[in-house]
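Down below is the structure, laid out as structure tokens.
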Amino acid sequence: MIITAFLVNSFSANNTGGNPAGVVLNADKLTNAEKLTIAKEIGFSETAFVAQDHEVDFAVSFFTTTEEVDFCGHATLAVFATLFEQGLLKPGYYTQRTKAGLLGVTIAADGQITMEQALPKYLGNFAYDDLAGLLGLDEATLSETCLPIDVITTGLPDIIVAVPNGYLDKIVIDEAALSEFCQQHNVIGVHAFELCEEQSELTASCRNFAPLVGIPEESATGSASGALACYLSKHVFVQQENHFKFEQGRAMGCSSHISASVYSDEQGVYKVLVGGYANHLGTQQVVI
């Protein structure tokens, strides 16, 4: 059987950069083993598989090259950008079923995709010395930020780590040690960031490391961007409505731009949105 996969760069900036994802449509009859085989063959950090759903618009599953994950933001963007590009969807609001829950997606007329994410769950925190060595930094450097190291999920649990300006590109992870640490603490990876200057159009520059699931570093991470937006709304920009713009992938020579918004009231966060644009790369045939 020959499967056609669409290849898409998600969160691209002016049709450059971004994070590549595979998209397989009409995946209803594929087994999980076949999906994993396809994801390995494509070789991107994630590949999304789109199937019919009797209650909502689509059911979408996500596979890295090693395993299935509950949710992937940049692959979700790739899915809906592909459906729009292929003329299968018009601008509007849609709902996808994922293992992270039912999540809404909006397609704008200009092709921007905005995804609803699960509401944040704050799962704990770590001391500076727990993470410093794993990132190739020292404890004193991390402590300069005076910001906590939190575990937050808006779909996948990530460790959110602030670093002082000038240190983001100096991070060198210990892949084996970080994988072991993440497995021990039931998290996907580390999302590190440094805040940008006040006059910048960007809120923060970021790097994401998830070697546990086969991703040494990723150039755009939608799920972790939602978690970071919630982190910043809690610890840095404490107000009821926040709109952020993140850069990721600079250290990989593949800069991506990710927008994120957080809406809160007296009861807490009630909406998390992450969005961006996609650049279509082509297709790939996979024989299974």
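When we follow the numbering used here, the leftmost residue of the sequence shown carries the number 1125, and every step to the right adds one.
Idealized CB from N, CA, C, for every residue including glycine.
The model shown is predicted, which means the values in this text are computed figures rather than measured ones.
What runs of the alpha helix (DSSP H), each 4 residues or longer, lie entirely inside the segment 1332-1360? 1346-1359
If you run the structure through DSSP and keep just helix, strand and coil, what is L1261? Translated into positions along the sequence shown, residue 1261 becomes position 137. It is coil, neither helix nor strand.
Label I1126 either buried or exposed according to how many other C-beta atoms from any shown protein chain fall within 10 Å of its C-beta, with 16 as the threshold for buried. Here residue 1126 corresponds to residue number 2 of the sequence shown, with the count starting at 1. It is exposed - the Cβ of I1126 has fewer than 16 other Cβ atoms within 10 Å.
Quick test of your reading: V1132 and A1402, contact by CB under 8 angstroms. State the CB separation rounded to the nearest angstrom. As a working mapping, residue 1132 is identified with position 8 in the sequence shown. As a working mapping, residue 1402 is identified with position 278 in the sequence shown. With a Cβ gap of about 5 angstroms, V1132 and A1402 count as contacting.
Coil, strand or helix - M1125 by DSSP: Here the question's residue 1125 lines up with position 1 in the sequence shown. The answer is coil: DSSP assigns M1125 none of H, G, I, E or B.
Integer Cβ distance of G1350 from L1201, believed to fall under 8 angstroms: Looking up residue 1350 in the sequence shown gives position 226. Looking up residue 1201 in the sequence shown gives position 77. Actually they are not in contact, since the Cβ atoms of G1350 and L1201 sit about 12 angstroms apart, beyond 8 angstroms.
Per DSSP, cross-strand counterpart(s) of Y1394: The count along the sequence shown starts at 1 and reaches residue 1394 at position 270. BP columns for Y1394 are empty, so no partner.
Measuring alpha carbon to alpha carbon, tell me which of E1263, H1367, A1163 and P1215 ends up nearest V1193. The sequence position of residue 1193 within the sequence shown is 69, counting from 1. For V1193, the nearest C-alpha among the options comes from A1163.
On the DSSP bridge list, what partners appear for Y1218? Position 94 of the sequence shown, counted from the start, is the residue given in the question as residue 1218. In the DSSP output, where bridge partners are listed per residue, Y1218 has V1229.
Can you tell which of S1347, H1367 and G1346 has the C-alpha that lies nearest to the C-alpha of L1356? Taking the first residue of the sequence shown as 1, we reach residue 1356 at position 232. Checked all of S1347, H1367 and G1346; the closest Cα to L1356 is H1367.
How big is the Cα-Cα spacing for Y1291 and T1155? Here residue 1291 refers to the residue found at position 167 when the sequence shown is read from its first residue. Here residue 1155 refers to the residue found at position 31 when the sequence shown is read from its first residue. Rounded to whole angstroms, Y1291 to T1155 spans 43 angstroms at the Cα level.
Should the segment 1364-1378 be called in touch with the segment 1321-1338, which here means at least 3 C-beta pairs below 8 angstroms? yes
Close beta carbons around F1208, own chain, < 7 angstroms, minus the five adjacent residues each side: Taking the sequence shown and counting its residues from 1, one reaches residue 1208 at position 84. If we look at F1208 and ignore the five residues flanking it on each side, its Cβ neighbours are I1231 and G1235.
Look at V1398 and A1384 and say whether their C-beta atoms are less than 7 angstroms apart. Within the sequence shown, residue 1398 is the residue found at index 274, counting from 1. Within the sequence shown, residue 1384 is the residue found at index 260, counting from 1. Result yes, Cβ atoms of V1398 and A1384 sit closer than 7 angstroms.
Hey, would you say A1175 sits closer than 7 angstroms to D1152, going by beta carbons? Position 51 of the sequence shown, counting from 1, holds the residue named residue 1175. Position 28 of the sequence shown, counting from 1, holds the residue named residue 1152. Contact: yes.
Give the secondary structure of V1203 by DSSP, where H, G and I count as helix, E and B as strand, and everything else as coil. Along the sequence shown, read from residue 1 onward, the residue named residue 1203 stands at position 79. In this structure, V1203 counts as helix in the three-state DSSP scheme.
Please report the straight-line C-alpha distance between K1223 and S1185, rounded to a whole angstrom. On the sequence shown, position 99 is the one that residue 1223 refers to. On the sequence shown, position 61 is the one that residue 1185 refers to. If I take the Cα positions, the gap works out to 7 angstroms.
Would A1205 pass as a contact of A1172 if the rule is Cβ separation under 7 angstroms? Position 81 of the sequence shown holds residue 1205. Position 48 of the sequence shown holds residue 1172. For A1205 and A1172, no; Cβs fall outside 7 angstroms.
Cut-off 7 angstroms between Cβ atoms - residues of its own chain near A1301, not counting five sequence neighbours on either side: Taking the first residue of the sequence shown as position 1, residue 1301 is located at position 177. These residues qualify, in order along the chain: L1258.
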